[in-house]
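Peer 1: Counting along the sequence shown from 1, when you hit position 38 you're at 37 in numbering that gives the first Met the number 0, and nothing is skipped either side.
My structure is below; once you've seen it, I'll send some questions.
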Amino acid sequence: MSVATSAAPVSFSPPGTFDAMASQVLDGRPISREQALSIVEASDLDLPAILAAGYRIRHHYFGNSVQLYFLMNAKSGLCPEDCHYCSQSKVSEAPVPKYNILKRDDLMAAAGVAAQRGAKTYCLVISARGPNEREMVAVETIVPEIKQKYGLDICACLGLLTAEQAQRLKACGVDRVNHNLNSSETHYAKICTTHTYADRVQTLRNVRDAGMEMCSGGIIGMGESRADIVSMAFDLAELEVQSIPVNILNAIDGTPLEGTDSLSPQDALKALAMFRFVAPSRELRIAGGRELHLRSLQPMGLYVANSLFVGDYLTTQGQAPQADYDMISDLGFEVTGSCEEVSV
Numbered sequence: 000m001s002v003a004t005s006a007a008p009v010s011f012s013p014p015g016t017f018d019a020m021a022s023q024v025l026d027g028r029p030i031s032r033e034q035a036l037s038i039v040e041a042s043d044l045d046l047p048a049i050l051a052a053g054y055r056i057r058h059h060y061f062g063n064s065v066q067l068y069f070l071m072n073a074k075s076g077l078c079p080e081d082c083h084y085c086s087q088s089k090v091s092e093a094p095v096p097k098y099n100i101l102k103r104d105d106l107m108a109a110a111g112v113a114a115q116r117g118a119k120t121y122c123l124v125i126s127a128r129g130p131n132e133r134e135m136v137a138v139e140t141i142v143p144e145i146k147q148k149y150g151l152d153i154c155a156c157l158g159l160l161t162a163e164q165a166q167r168l169k170a171c172g173v174d175r176v177n178h179n180l181n182s183s184e185t186h187y188a189k190i191c192t193t194h195t196y197a198d199r200v201q202t203l204r205n206v207r208d209a210g211m212e213m214c215s216g217g218i219i220g221m222g223e224s225r226a227d228i229v230s231m232a233f234d235l236a237e238l239e240v241q242s243i244p245v246n247i248l249n250a251i252d253g254t255p256l257e258g259t260d261s262l263s264p265q266d267a268l269k270a271l272a273m274f275r276f277v278a279p280s281r282e283l284r285i286a287g288g289r290e291l292h293l294r295s296l297q298p299m300g301l302y303v304a305n306s307l308f309v310g311d312y313l314t315t316q317g318q319a320p321q322a323d324y325d326m327i328s329d330l331g332f333e334v335t336g337s338c339e340e341v342s343v
């Protein structure tokens with residue numbers, strides 16, 4: 000990870016440092032940006048203490064529950080934006096499938112898989128600057144059918160939305176819209192030039208004003224500083240988003256960020272924990288890249304996060320669903336909010 004700060008110290012923080020932060024948060028006193036930065040800059044020796052303190056906050060709000068999400072790439076490639084991390088962008092040379100929005104039967108079949116896997120939410124994603132009229136109508140048509148047949152919550156990720164489009168999504172039954180900030184405002188121009196950070200914030204405001212929940216997080220490991228990660232976390236907390244997915248960059252060959260230095264598992268876990276301290280009552284999801292970067296430390300992430308994607312991501316594979324069920328069970332945690340019973 001390329002950072003602007005000096006190397007992390009190689010000694011333990013004073014005993015009780017992070018536990019005191021957790022007590023501060025649980026007493027209703029938010030931590031400062033300086034305190035948040037101290038979490039992500041801490042020595043790897045502090046990681047067990049950070050996770051233990053973060054688990055106190057997670058357990059207070061969510062117990063040992065884990066919610067599962069299922070992601071469906073309903074339209075792949077063909078995107079006019081130049082997001083440097085994305086294999087579906089116009090500047091990507093990655094060999095990804097390219098197709099327009101899937102037909103009804105395909106979207107319904109995927110919803111059936113989501114229900115069978117115990118997912119609470121079906122995430123319907125298209126690659127686009129924003130939805131065209133044909134895509135809006137397709138979403139408006141399929142969402143009521145999915146909800147009626149499977150009882151799934153629906154999260155739509157359709158790109159930039161106008162106020163009118165957000166209102167239409169609310170009217171057809173969409174529960175939540177995902178639109179990630181992706182990075183800090185100061186770093187954003189280095190990863191995308193075809194739209195701005197302010198454009199993304201405005202979409203979230205349109206979603207909120209339409210009465211839907213906001214799902215918004217970001218991608219860490221894109222060459223940003225640790226202060227950038229902290230800034231993004233505070234922006235998300237101030238926007239009061241209900242759900243925060245944290246992705247860890249999968250530097251796909253053929254994208255502008257190909258070869259970008261990846262985070263260590265310890266760095267990723269400290270960043271994940273920092274989000275829990277900054278947004279204590281918000282759903283925190285370990286999203287894309289967890290298998291690649293956390294590897295055998297994946298279970299440790301659930302001591303601060305409380306949700307996962309089960310199955311594959313947009314153009315990359317996740318681990319087998321049974322591995323996720325086993326991991327949750329081995330931790331002594333339980334899947335909750337499922338629309339069907341799943342044996343773990």
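Glycine is no exception: its CB is placed at the ideal position from the N, C-alpha and C atoms.
Whole-angstrom Cβ separation of S345 and D252, contact assumed at under 8 Å?
Peer 2: Any answer about residue 345 is impossible in this case: the structure gives the chain only from 0 up to 343.
Peer 1: Taking the Cβ atom as the reference point for each residue, do S10 and L44 lie within a distance shorter than 8 Å?
Peer 2: As a working mapping, residue 10 is identified with position 11 in the sequence shown. As a working mapping, residue 44 is identified with position 45 in the sequence shown. A contact, by the Cβ cut-off of 8 Å.
Peer 1: Work out the CA separation of I153 and T335 for me, nearest whole Å.
Peer 2: Counted from its first residue, the sequence shown places residue 335 at position 336. Counted from its first residue, the sequence shown places residue 153 at position 154. Straight-line Cα distance between these residues: approximately 16 Å.
Peer 1: Here's a check: name, in chain order, each residue in its chain whose Cβ is nearer than 6 Å to the Cβ of N179, leaving out the five neighbours to either side.
Peer 2: On the sequence shown, position 180 is the one that residue 179 refers to. Counting only Cβ-Cβ distances below 6 Å, and skipping sequence neighbours, we find S215, G216, G217.
Peer 1: With a cut-off of 8 Å, do at least 3 Cβ pairs link the segment 126-137 to the segment 163-173?
Peer 2: Judged by Cβ distances under 8 Å, the segment 126-137 makes contact with the segment 163-173, as three or more pairs qualify.
Peer 1: What's the C-alpha gap between L268 and H292?
Peer 2: The sequence position of residue 268 within the sequence shown is 269, counting from 1. The sequence position of residue 292 within the sequence shown is 293, counting from 1. Going by the C-alpha atoms only, they are around 10 Å apart.
Peer 1: Are A170 and I125 close, meaning C-beta to C-beta below 8 Å?
Peer 2: Within the sequence shown, residue 170 is the residue found at index 171, counting from 1. Within the sequence shown, residue 125 is the residue found at index 126, counting from 1. Not a contact, by the Cβ cut-off of 8 Å.
Peer 1: What is the residue span of the beta strand (DSSP E) that I243 lies within?
Peer 2: What you label residue 243 is simply residue 244 of the sequence shown in a count that begins at 1. Per DSSP, I243 belongs to the beta strand (DSSP E) from 242-247.
Peer 1: Verify whether the separation of the beta carbon atoms of D323 and V309 is less than 8 Å.
Peer 2: Here residue 323 is taken as the residue at index 324 of the sequence shown, counted from 1. Here residue 309 is taken as the residue at index 310 of the sequence shown, counted from 1. The answer is yes: Cβ separation under 8 Å.
Peer 1: What number of angstroms, rounded off, separates the C-alpha of L301 from the C-alpha of E333?
Peer 2: Position 302 of the sequence shown, counted from the start, is the residue given in the question as residue 301. Position 334 of the sequence shown, counted from the start, is the residue given in the question as residue 333. Near 11 Å, if we compare the C-alpha coordinates of E333 and L301.
Peer 1: Who does V334 pair with in a DSSP beta bridge?
Peer 2: Here the question's residue 334 lines up with position 335 in the sequence shown. Partner(s): V65.
Peer 1: With distances taken from CA atoms, which of V200, L256, L235 is nearest K189?
Peer 2: By one-based count along the sequence shown, residue 189 stands at place 190. Measuring from the Cα of K189, the nearest candidate turns out to be L256.
Peer 1: On the three-state DSSP scale, how would you describe C82?
Peer 2: Along the sequence shown, read from residue 1 onward, the residue named residue 82 stands at position 83. Three-state result, C82: coil.
Peer 1: Going straight from the alpha carbon of N305 to that of A48, what length do you get?
Peer 2: Along the sequence shown, one-based indexing puts residue 305 at 306. Along the sequence shown, one-based indexing puts residue 48 at 49. Approximately 18 Å, taken between the alpha carbons.
Peer 1: On the three-pair Cβ rule with 8 Å, is the segment 50-61 touching the segment 20-31?
Peer 2: Yes: at least three Cβ pairs fall under 8 Å.
Peer 1: Taking the alpha-carbon positions, what's the P320 to S230 distance?
Peer 2: Along the sequence shown, one-based indexing puts residue 320 at 321. Along the sequence shown, one-based indexing puts residue 230 at 231. Cα to Cα, the separation comes out at about 33 Å.
Peer 1: Compute the Euclidean distance between the alpha carbons of G145 and C156, then round it to the nearest angstrom.
Peer 2: Reading the sequence shown from its first residue, position 146 is the one you call residue 145. Reading the sequence shown from its first residue, position 157 is the one you call residue 156. Residue identity differs from the one stated: residue 145 is Ile in this sequence, not Gly. So the two alpha carbons sit approximately 16 Å from each other.
Peer 1: Would a C-beta distance cut-off of 8 Å place F69 and R116 closer than the cut-off?
Peer 2: As a working mapping, residue 69 is identified with position 70 in the sequence shown. As a working mapping, residue 116 is identified with position 117 in the sequence shown. Contact flag set, yes.
Peer 1: State the beta-bridge partners of S366 as determined by DSSP.
Peer 2: Residue coverage of the chain in this structure runs from 0 to 343, which leaves residue 366 outside it and unanswerable.
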